[in-house]
Amino acid sequence: MTVVAPGGTVGILGGGQLGRMLAMAAARLGLRTHVFAPPGDNPAFDVAHAHTCASYDDLERLAAFAEAVDVITYEFENIPAEAVARLEALRPLKPSRKALETTQDRWTEKDFVAGLGLPVVPFANVESAADAAVAAGITGMPAVLKTRRFGYDGKGQVMVRSGAGVLSAWETLGEVPCILEGFVDFACEMSVIAARNADGDFAAFDVPLNVHENHILRTSTLPSGLREETQRQAVEMTHRIADALEYEGVLAVEFFVVREEEGERLLINEIAPRVHNSGHWTEAACTVSQFEQHIRAVCGWPLGDPLRFADCEMSNILGEEVAHWRELAAEPGTVLHLYGKRQARPGRKMGHFTRLSPRR
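See below:
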């Protein structure tokens, strides 16, 4: 088992806000960080002990980065396979290559989850015109066609309302490998943020209720107001996924909640093999944040107690909303976190704030 003691160095792939918050959490534990990211706006560079600015296909720079750290983790899952193979040959990669490859591809992920006997929407592979012709018969209509790889916050997907529309949607997405997923008339969305370490220890945070606008997370609220049994089932499913992947680190599992006469039913939407936007509230309302928990897990430390000590609502700050930083900074009971990004664009995540209240 890899154990990185205080004074050691954690390598982080990706220089965005998640990498930034991971580096800040590592520093609290006496650990150094080295961030590797391509050129661009990389706010994680500002808080890391060292950084390498290079492309993920620069295998020489990747090797030098690996030699300078004790363990490697990542803030996003779309890392080229060649880069992953190069890094894994030199240093421990956590979460593992298996976890990364399973969750990089939406078809592979859905097939993995369904293979565990866990509930997912009907889905079909679409890689050709022939696939497009039969996919609607598997998923039903309406459905959503998504690229199998890449895409987030609503990017890389098209709503399809008839079987005849699958082919044109596939062409719109560039005729790349896609997955057609049956549309879900869900009541709400929730997620489980949890950690597992090399010893198999597992710890989950309380379950937030998530609200999206234009496919971008707007708020995460605790307590969620969902039934206790629904929350328990979601945590249990997440535990099964983490064990099956032999996971090390923090992961997020997003769920649709469907309300029926018999009660609430869960469908697994997506897995993120990393810290997650819907877990940002943990840095303000818990004894250990998702970022510290991830660093603990990948460094072979004991997991922290994810106790929530306050009720809260986390809100993303998008685009020009960041101009209201002064009002938010003056608001009692509000914890403000700005990411230090240079340019505000519509829909771009510039920071978040968490409003706290006494736990009920």
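Each residue of the sequence shown is one higher than the one before, starting from -18 at the first, in my numbering.
C-beta: ideal position from N, C-alpha, C; glycine also.
For clarity, every value in this text was computed on a predicted model and none was experimentally measured.
Considering only the beta carbon of each residue, do residue i and residue j sit closer than 8 angstroms?
i, j, result
"His15", "Val(-16)", "no"
"Val102", "Glu63", "no"
"Met171", "Val216", "no"
"Leu154", "Thr120", "no"
"Ala18", "Gly(-4)", "yes"
"Gly137", "Ala47", "no"
"Ser77", "Glu229", "yes"
"Leu232", "Ala223", "yes"
"Arg255", "Glu41", "no"
"Leu207", "Ala266", "no"
"Asp180", "Arg130", "no"
"Leu3", "Glu69", "no"
"Ala175", "Val147", "no"
"Leu43", "Arg67", "yes"
"Ser296", "Arg199", "yes"
"Val173", "Thr219", "yes"
"Pro123", "Val141", "yes"
"Pro287", "Ala185", "yes"
"Leu81", "Ile53", "no"
"Ala6", "Phe272", "yes"
Please classify residue i: is it buried, with 16 or more other beta-carbons within 10 angstroms of its beta-carbon, or exposed?
i, result
"Ala145", "exposed"
"Ser201", "buried"
"Val65", "buried"
"Ala253", "buried"
"Asp187", "buried"
"Arg9", "exposed"
"Glu152", "exposed"
"Ala168", "exposed"
"Gly11", "exposed"
"Lys91", "buried"
"Gly96", "exposed"
"Thr84", "buried"
"His196", "exposed"
"Gln324", "exposed"
"Gly98", "exposed"
"Arg336", "buried"
"Val234", "buried"
Give the DSSP bridge partners of residue i, in chain order.
i, result
"Leu247", "Val238"
"Tyr55", "Leu(-6)"
"Arg289", "Cys267"
"Asn191", "Glu170, Ser201"
"His15", "Gly(-8), Ala31"
"Ala253", "Ala233"
"Arg336", "Glu294, Thr315"
"Arg277", "The partner list for Arg277 (beta bridge, DSSP) is empty, contrary to what the question assumes."
"Phe272", "None; Phe272 has no bridge partner."
Problem set entry | Segments assigned beta strand (DSSP E), at least 3 residues, entirely inside the segment 131 to 172 | DSSP runs (the beta strand (DSSP E)) wholly in the segment 131 to 172: 138 to 141, 159 to 163.
Exercise. Counting pairs of Cβ atoms below 8 angstroms between the segment 108 to 118 and the segment 70 to 82, do you hit three or more?
Worked result: Output reads no: the segment 70 to 82 does not touch the segment 108 to 118.
For this session: Tell me, please, whether the segment 15 to 31 touches the segment 284 to 301 by the rule of three or more beta-carbon pairs shorter than 8 angstroms.
Result: Of all C-beta pairs linking the segment 15 to 31 to the segment 284 to 301, fewer than three are shorter than 8 angstroms, placing the two stretches out of contact.
For this session: Take every Cβ of the segment 299 to 309, pair it with every Cβ of the segment 209 to 225, and state whether three or more of those distances are shorter than 8 angstroms.
Result: Touching, no.
For this session: Report yes or no: do the segment 321 to 341 and the segment 274 to 282 share at least 3 C-beta pairs separated by less than 8 angstroms?
Result: No, they do not touch.
Problem set entry | Stretch-stretch touch, CB-based, cutoff 8 angstroms, three pairs: the segment 186 to 196 with the segment 239 to 246 | In short, these stretches do not touch, since the Cβ pair count stays below three.
Exercise. If you scan the segment 290 to 316 from start to end, which runs of the beta strand (DSSP E) of 3 or more residues do you find wholly inside it?
Worked result: Runs of the beta strand (DSSP E) lying entirely within the segment 290 to 316 and spanning at least 3 residues, in chain order: 291 to 299.
Problem set entry | Inside the segment 55 to 129 only - beta strand (DSSP E) runs reaching at least 3 residues | Fully enclosed beta strand (DSSP E) runs of 3 or longer: 104 to 107, 124 to 128.
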